Amino acid sequence: MAWKNGPTMSLPVDAPKPGQTDPGIIRNFCIIAHIDHGKSTLADRMLQLTGVVDERAARAQYLDRMDIERERGITIKSQAVRMPWTVPADNEAGAEPGTYVLNMIDTPGHVDFTYEVSRSLEACEAAILLVDAAQGIEAQTLANLYLAMGADLHIIPVLNKIDLPSANPDKYAAELAGLVGCDPDDVLKVSAKTGMGVEALLNHIVAETPAPVGDADKPARALIFDSVYDTYRGVITYVRVVDGSLTHRDRIKMMSTSATHEMLEIGVISPEQVKAGELGVGEVGYLITGVKDVRQSRVGDTVTTQHHGAVDPLGGYKHPNPMVYAGLYPIDGDQYGELRESLEKLQLNDAALVYEPETSGALGFGFRCGFLGLLHMEITRERLEREFGLDLISTAPNVVYEVAMEDGTEIEVTNPSEFPEGKIAEVREPVVKATILSPSDYIGTIMELCQTKRGQLGGMDYLSEDRVEMRYTLPMGEIVFDFFDQLKSRTKGYASLDYERSGEQAADLVKVDILLQGEPVDAFSAIVHKEAAYSYGVMMAGKLKDLIPRQQFEVPIQAAIGARVIARENIRAIRKDVLAKCYGGDITRKRKLLEKQKEGKKRMKMVGRVEVPQEAFVAALSNDGAGSSEKSKK
180 MAWKNGPTMS LPVDAPKPGQ TDPGIIRNFC IIAHIDHGKS TLADRMLQLT
230 GVVDERAARA QYLDRMDIER ERGITIKSQA VRMPWTVPAD NEAGAEPGTY
280 VLNMIDTPGH VDFTYEVSRS LEACEAAILL VDAAQGIEAQ TLANLYLAMG
330 ADLHIIPVLN KIDLPSANPD KYAAELAGLV GCDPDDVLKV SAKTGMGVEA
380 LLNHIVAETP APVGDADKPA RALIFDSVYD TYRGVITYVR VVDGSLTHRD
430 RIKMMSTSAT HEMLEIGVIS PEQVKAGELG VGEVGYLITG VKDVRQSRVG
480 DTVTTQHHGA VDPLGGYKHP NPMVYAGLYP IDGDQYGELR ESLEKLQLND
530 AALVYEPETS GALGFGFRCG FLGLLHMEIT RERLEREFGL DLISTAPNVV
580 YEVAMEDGTE IEVTNPSEFP EGKIAEVREP VVKATILSPS DYIGTIMELC
630 QTKRGQLGGM DYLSEDRVEM RYTLPMGEIV FDFFDQLKSR TKGYASLDYE
680 RSGEQAADLV KVDILLQGEP VDAFSAIVHK EAAYSYGVMM AGKLKDLIPR
730 QQFEVPIQAA IGARVIAREN IRAIRKDVLA KCYGGDITRK RKLLEKQKEG
780 KKRMKMVGRV EVPQEAFVAA LSNDGAGSSE KSKK
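Residues 180 to 813 (our numbering) make up the sequence shown, in order.
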């Protein structure tokens, strides 16, 4: 995502200017919630009420800048905005009257983008916990709440959508109060769509959010919490200043790499970029140094000044471990270099993405990429295709397995082609702790689904009379395929899922190879549970039979575990009518021609290779049940 170079923006006339702002009037907060509970709509109302977006420029989901966010109706990237807010003397929240600076960060809600949320929390002192008054608390509401509590943020509980006919604010206010540990009357009630209660919420933010703490006289220290790449301006770095101040034209130093740069531009986002002379303690803004090398501006790094700079860096972030791996290959092999550059630029914008080069006999040169989940994988692939103009094939997603051999060696397998031959002592697969929130009517259905996915029930609690929280330990490999879709369809869309990595367990896993004319095709190999091996083999063999064009000779498609074939389909040969010109005549003449054709087919089968068209790879590798974790619109 690159910023659109629109007209230069300026802050409202009465707004405190960046760099000259007393930290005591700054309030840094974020909005956390489940998908579709109204975060982006609430952010829109705040932008309008504070006057940083006028009626003419306003549009729905203003902060969702990428086309893909607007099409899918989900937030993928966190966005930071500076807003001035004047608190009146007669406010009910008990806030001191005056003009304040609010730095608001709108965060994603989907479990795959939890890392975006965790980084945003580090730049804030408070979090608005937003819950839909018609749906109540969902799994990711809980996950994001625990993240905010872990970051020691002040929690402001808010119920949204109270204008809906199906809203039940009293019931869910009691549920929310029990979770946060406050009185139900302290839960604020708003309608982000109509703007009802949003002014009172802004006053509460001023009254309850602690002011940022920092020392203006110390050497400058600022935490990088996000970065984007702009084709024309290079790397744009988003920072939260903790100590000291950063000034335009300062020479700055990145503490992890010791790289130094001259600051070409500094400013705040309100909600477009607004230039400023400096950024002081507690302020959130952006830096542009003209650097084109994306590796020199890492998220979690500390920025200081080159001369008389700080010695100790800030805490930074714990890097996330990828949950799902898949290969990304350019359809046109000449685009390999472009794919590498595009992944570098995208990694700056998406710090949770990891990749390394790999080669496939069937697909050529590409990259093995690690993602936090299936939606993360889908979004990454779509962004690479849209923003960088690439045509890509992605292999079926799989997780990382640990294989212990009988001779004591340990092998990490991120790709089925790396699965070792020989005597295997044990295969360990990653497991997750899953939290499922659902109406109590669907308990039996959810239990049945989790049992078919080899899940173990860890506990169950009733949040209210008709809502239950179920905790399961599930193999990660079972979740990355169709678990989310099945959970939604079996509970009519009411259940919500959140999960986190929870170690490993031994499992009876095997590698299924797909062979064309006896030759394994590495792109179609998969590591599956022994009980599911047969159905995977039959499914892939049937799929490839329909997709691969007929050859001059018969082609067997086999699914095999080691040397044992478990499924087979045949692609029949194209037969030329060699008897067409033989009308009448002796039968021995016809037999001789048919024998000659048979010999030719035999010889061709020995030397011929089965050509698998790219379209067949694309069709066979797309949606093998791996499909879309966001089909149900979350």
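Note that CB positions come from ideal geometry on N, CA and C, so glycine has one too.
Just so you know, these numbers come straight off a predicted model, no measurement behind them.
Helix, strand or coil: which one does DSSP assign to residue i?
i	result
residue 359	helix
residue 446	strand
residue 598	coil
residue 404	strand
residue 567	helix
residue 461	coil
residue 214	coil
residue 395	coil
residue 454	strand
residue 729	coil
residue 434	coil
residue 441	strand
residue 209	strand
residue 638	strand
residue 320	helix
residue 411	coil
residue 646	strand
residue 343	coil
residue 305	strand
residue 372	coil
residue 737	strand
Under the rule that 16 or more other beta-carbon atoms within 10 Å means buried, what is residue i, buried or exposed?
i	result
residue 596	buried
residue 254	Low local confidence applies: a pLDDT of 48 at residue 254 is under 50, so the model's placement there is unreliable, with the coordinate-based value given in what follows. Label assigned to residue 254: buried.
residue 532	buried
residue 555	buried
residue 312	buried
residue 269	exposed
residue 634	buried
residue 323	buried
residue 175	The requested residue 175 is not part of the displayed model; the chain covers only 180 to 813.
residue 243	Note on residue 243: pLDDT 46, under 50, position unreliable in the model; the coordinate value appears next. When all chains shown are included, residue 243 counts as buried.
residue 636	exposed
residue 738	buried
residue 259	buried
residue 566	buried
residue 303	buried
residue 389	exposed
residue 549	buried
residue 210	buried
Measuring alpha carbon to alpha carbon, tell me which of the options ends up nearest residue i.
i	options	result
residue 207	524, 461 and 513	461
residue 646	428, 318 and 231	318
residue 670	276, 694 and 617	617
residue 578	710, 356 and 608	608
residue 310	284, 213, 302 and 447	213
residue 682	659, 655, 673 and 630	655
residue 692	769, 659, 598 and 668	598
residue 526	538, 658 and 559	559
residue 695	658, 706, 749 and 673	749
residue 343	426, 217, 733 and 606	217
residue 224	346, 266, 715 and 283	283
residue 677	687, 663 and 742	663
residue 510	542, 492 and 552	542
residue 437	492, 444, 446 and 387	492
residue 229	271, 280, 275 and 273	280
residue 408	467, 451 and 602	467
residue 331	449, 305 and 653	305
residue 149	582, 326, 458 and 586	No answer is possible for residue 149: the residues shown for the chain start at 180 and end at 813.
residue 658	630, 701, 350 and 308	630
residue 361	628, 333, 454 and 653	333
Open item on the list: I'd like to know if the stretch 718 to 735 and the stretch 596 to 615 are in contact, where contact means that at least 3 CB-CB pairs between them fall below 8 Å.
Closed with: no
- [ ] Go through the stretch 656 to 727 residue by residue and report every complete run of the alpha helix (DSSP H) that reaches 4 residues or more, in order.
- [x] 663 to 669 and 709 to 726
Task: Contiguous alpha helix (DSSP H) assignments of at least 4 residues, all confined to the stretch 493 to 554 - done: 515 to 528
Open item on the list: Quick test of the definition: if touching needs 3 or more C-beta pairs under 8 Å, does the stretch 512 to 521 touch the stretch 567 to 581?
Closed with: yes
Open item on the list: Any contact between the stretch 333 to 351 and the stretch 371 to 382? By contact I mean 3 or more CB pairs, one from each, below 8 Å.
Closed with: yes
Task: the stretch 404 to 420 touching the stretch 378 to 390, judged by at least three CB pairs closer than 8 Å - done: no
Open item on the list: Could you check whether the stretch 360 to 369 touches the stretch 480 to 488, counting it as contact only if at least three pairs of C-beta atoms, one from each stretch, sit closer than 8 Å?
Closed with: no
Task: Inter-stretch contact (C-beta, 8 Å, three-pair minimum) for the stretch 383 to 402 and the stretch 419 to 430 - done: yes
- [ ] Would you be able to state if there are at least three C-beta pairs under 8 Å between the stretch 673 to 691 and the stretch 354 to 364?
- [x] no
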